[in-house]
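Read through the structure below, which is laid out as structure tokens, and then see the notes.
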Amino acid sequence: MQSRSPLYLLERSDVGVVQLDRELRVVAMNSFARRVLPVEDKAPFEKVVLSFHPERSQPKVRFLLDQAECPVSNPPPMTMIINIPERVLLIKVAKLSDLRGDTASYTLIFYDITELVAGEEPGAQKPQAKRQLQKIPTVSQNRIVLVDTEAVTYIRAEGHYTWVSTAQGSSFCNLNISDLAERLDGASFLRIHRSYLANLDHAEQILRDDGKVSLKLRGEATPLPVARTSVPRLLDQLGITEIEAMRG
0 MQSRSPLYLL ERSDVGVVQL DRELRVVAMN SFARRVLPVE DKAPFEKVVL SFHPERSQPK
60 VRFLLDQAEC PVSNPPPMTM IINIPERVLL IKVAKLSDLR GDTASYTLIF YDITELVAGE
120 EPGAQKPQAK RQLQKIPTVS QNRIVLVDTE AVTYIRAEGH YTWVSTAQGS SFCNLNISDL
180 AERLDGASFL RIHRSYLANL DHAEQILRDD GKVSLKLRGE ATPLPVARTS VPRLLDQLGI
240 TEIEAMRG
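All letters in the sequence shown, in the order written, are residues 0 to 247 by numbering that gives the first Met the number 0.
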């Protein structure tokens, strides 16, 4: 449908703009940024931009700003995705230079891509609960690649970020594993380990070795570890009993 095309959603999307000085202090922002960001609570003006980002997002934003200092001439704008309550934001930051080529300021631009990744019709009523992701936004060569959740076999945590695995390989995602666990369909995805989120639609085998449990997913060569505390929920969600699992 034309109304669901990325171009259509981009055209109708509001754009948040935040201007930073060379010390990364907030000096100005547009009206949309004021509505989306907690300006009244954080009073960010004349403060470093990190001060009004959630603590879990601060390392990502710092990385984004550090990458904008790329020493090559004309570095491309850096892209990042962060998750805030009820919204998924695509952030881009560009360094602005003066006549001598020295850093003068930074411009931070963000788009609200929640509709795009949640698979909602534009203008649809927004429920109170967190909206589920139908597509996972991943980053490849400074481009945003949307991965269908059905195609995902598992998600692996790596610090504040994640790697999203499909039959085609792994893709980097700026969202952390807790954010994704909250936004993905709980009927299919289960946090089986602090570092792994598995799509049980691809479950193939439950393995036991020396008291440890692992989960083999279709198309994946290496089984994923299952935390001891997650085993009962895994078995329950797969609809099997402990005795049946031991027989397997």
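Ideal Cβ positions, reconstructed from N, Cα and C, are used throughout, including at glycine.
Where residue i and residue j are concerned, what is the direct C-alpha to C-alpha distance, given to the nearest angstrom?
| i | j | result |
| --- | --- | --- |
| L19 | A103 | 9 angstroms |
| D97 | A27 | 19 angstroms |
| D101 | Q140 | 26 angstroms |
| A150 | T165 | 6 angstroms |
| S213 | V116 | 30 angstroms |
| P231 | R86 | 32 angstroms |
| I239 | K215 | 16 angstroms |
| L49 | R207 | 45 angstroms |
| V16 | A42 | 16 angstroms |
| R34 | L237 | 43 angstroms |
| D209 | L223 | 15 angstroms |
| L88 | H159 | 16 angstroms |
| L233 | P58 | 32 angstroms |
| I176 | R99 | 43 angstroms |
Spatial neighbours of residue i within its chain, please: C-beta separation below 7 angstroms, excluding the five flanking residues on both sides.
| i | result |
| --- | --- |
| R24 | E45, K46, V47 |
| D13 | F31, D111 |
| V163 | I135, T137, V146, V151, I154, S169, S170, C172 |
| R142 | none |
| Q131 | A117, R182, L183, D184 |
Between the Cα of residue i and the Cα atoms of the options, which residue gives the shortest distance?
| i | options | result |
| --- | --- | --- |
| I154 | R142, I143, G168 | G168 |
| R272 | L89, L107, R34, P58 | The structure shown does not extend to residue 272, since the chain is modelled only from 0 through 247, so no value can be given for it. |
| K91 | Q131, F109, T148 | F109 |
| D235 | V16, P43, D209, A186 | A186 |
| I191 | L89, V225, Y160 | V225 |
| E157 | R34, T148, R33, R193 | R193 |
Using the rule of at least 16 other Cβ atoms within 10 Å of the residue's Cβ for burial, across every protein chain shown, is residue i buried or exposed?
| i | result |
| --- | --- |
| K211 | exposed |
| T228 | exposed |
| T221 | exposed |
Spatial neighbours of residue i within its chain, please: CB distance less than 6 angstroms, with the 5 preceding and 5 following residues excluded, ordered by chain position.
| i | result |
| --- | --- |
| F188 | L196, N198 |
| R217 | H201, E203 |
| V144 | T137 |
| N29 | V16 |
| E219 | T152 |
Take residue i and list the residues in its own chain whose beta-carbon comes closer than 8 angstroms to its own, dropping the five residues that flank it on each side.
| i | result |
| --- | --- |
| L95 | T102, A103, S104, Y105, T106 |
Next item on the list: Count the CB pairs spanning the segment 168 to 182 and the segment 201 to 219 that are closer than 8 angstroms, and state whether there are at least three.
Entry: Segment contact: the segment 168 to 182 against the segment 201 to 219, fewer than three CB-CB distances shorter than 8 angstroms; contact not assigned.
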